[in-house]
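K.L.:
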């Protein structure tokens, strides 16, 4: 059973370009979470999705950021018109549910550098 | 609001010495707590978790943590540190009534002296 797969591992974008980050959850997991880790900081929650639904996007910046988790395929975190401040590591986690005693498993992350 | 505080940003210990990393949480209900480790350029690996029951929990790599409700703490310990333990350590609490998202502390960077 493969773990949570994120790609690409490293992504370089020029200011104003779009960044698309992909996350394939573990098999059987229908809950996906995205977190952002800015340099020298801890991880901050961005968005929680279930298949085809955004459940909680309270941590998402209001503009330029969007996320989806389609019925088929990976979850996508999309950043439009990237700026230098978007440079960070973006981690995806998946879980089989949100009930008690469940835990989330993390991917290796995508490190976005905006130049 | 729920929060997790790791008071120590950076700790240095000698190899073979004991280690304690502090974690305090603020959460109204029964907390479900985790410790993760992150090596440079890598993702997060779960060291241990506390859901209920015995307040002293054992994890991987010889780590343990003790949940103390009266102190709102969940400190991570290891009796003898190895050079390979040098990494960043994150404490987190899960908010189940908000979909299971994790609230992380700021992290503690551990350096190990030979």
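Residue numbers (the numbering used here), protein chains in the order written: chain A, -3 to 111; chain B, 37 to 150. All residues carry an ideal CB built from backbone N, CA and C; glycine is no exception.
Could you list the residues in the stretch 44 to 58 of chain A with a C-beta less than 7 Å from some C-beta on chain B, going in chain order?
P.N.:
44, 51, 52
K.L.:
In angstroms, rounded to a whole number, what distance separates the CA positions of residue 95 of chain B and residue 77 of chain A?
P.N.:
42 Å
K.L.:
Do residue 39 of chain A and residue 140 of chain B have their C-beta atoms closer together than 8 Å?
P.N.:
Yes, they are a contact pair.
K.L.:
Would you verify that the beta carbon of residue 69 of chain B is, or is not, closer than 8 Å to some beta carbon of chain A?
P.N.:
no
K.L.:
Relative to the C-alpha of residue 15 of chain A, which candidate in A:22, A:6, A:1, A:100 has its C-alpha closest?
P.N.:
A:6
K.L.:
Please classify residue 67 of chain B as buried or exposed, where buried requires at least 16 neighbouring CB atoms within 10 angstroms.
P.N.:
With 16 or more Cβ atoms within 10 Å of its Cβ, residue 67 of chain B is classed as buried.
K.L.:
Roughly how many angstroms separate the alpha carbons of residue 24 of chain A and residue 93 of chain B, rounded to a whole number?
P.N.:
A straight line joining the alpha-carbon of residue 24 of chain A with that of residue 93 of chain B spans about 27 Å.
K.L.:
Please check if any C-beta of chain B sits within less than 8 Å of the C-beta of residue 84 of chain A.
P.N.:
no
K.L.:
Give the straight-line distance between the Cα atoms of residue 60 of chain A and residue 42 of chain A, rounded to the nearest whole angstrom.
P.N.:
13 Å
K.L.:
Could you name the residues of the same chain whose beta carbon sits closer than 8 Å to that of residue 74 of chain A, not counting the 5 residues immediately before and after it, in chain order?
P.N.:
14, 15, 16, 17, 61, 62, 63, 64
K.L.:
Rounded to whole angstroms, how far is the Cβ of residue 82 of chain B from the Cβ of residue 99 of chain B, which I believe are closer than 8 Å?
P.N.:
So it is not a contact: roughly 11 Å between Cβ atoms.
K.L.:
What did DSSP end up calling residue 45 of chain B once you bin it into helix, strand or coil?
P.N.:
Under the three-state reduction of DSSP output, residue 45 of chain B falls in the coil class, being neither helix nor strand.
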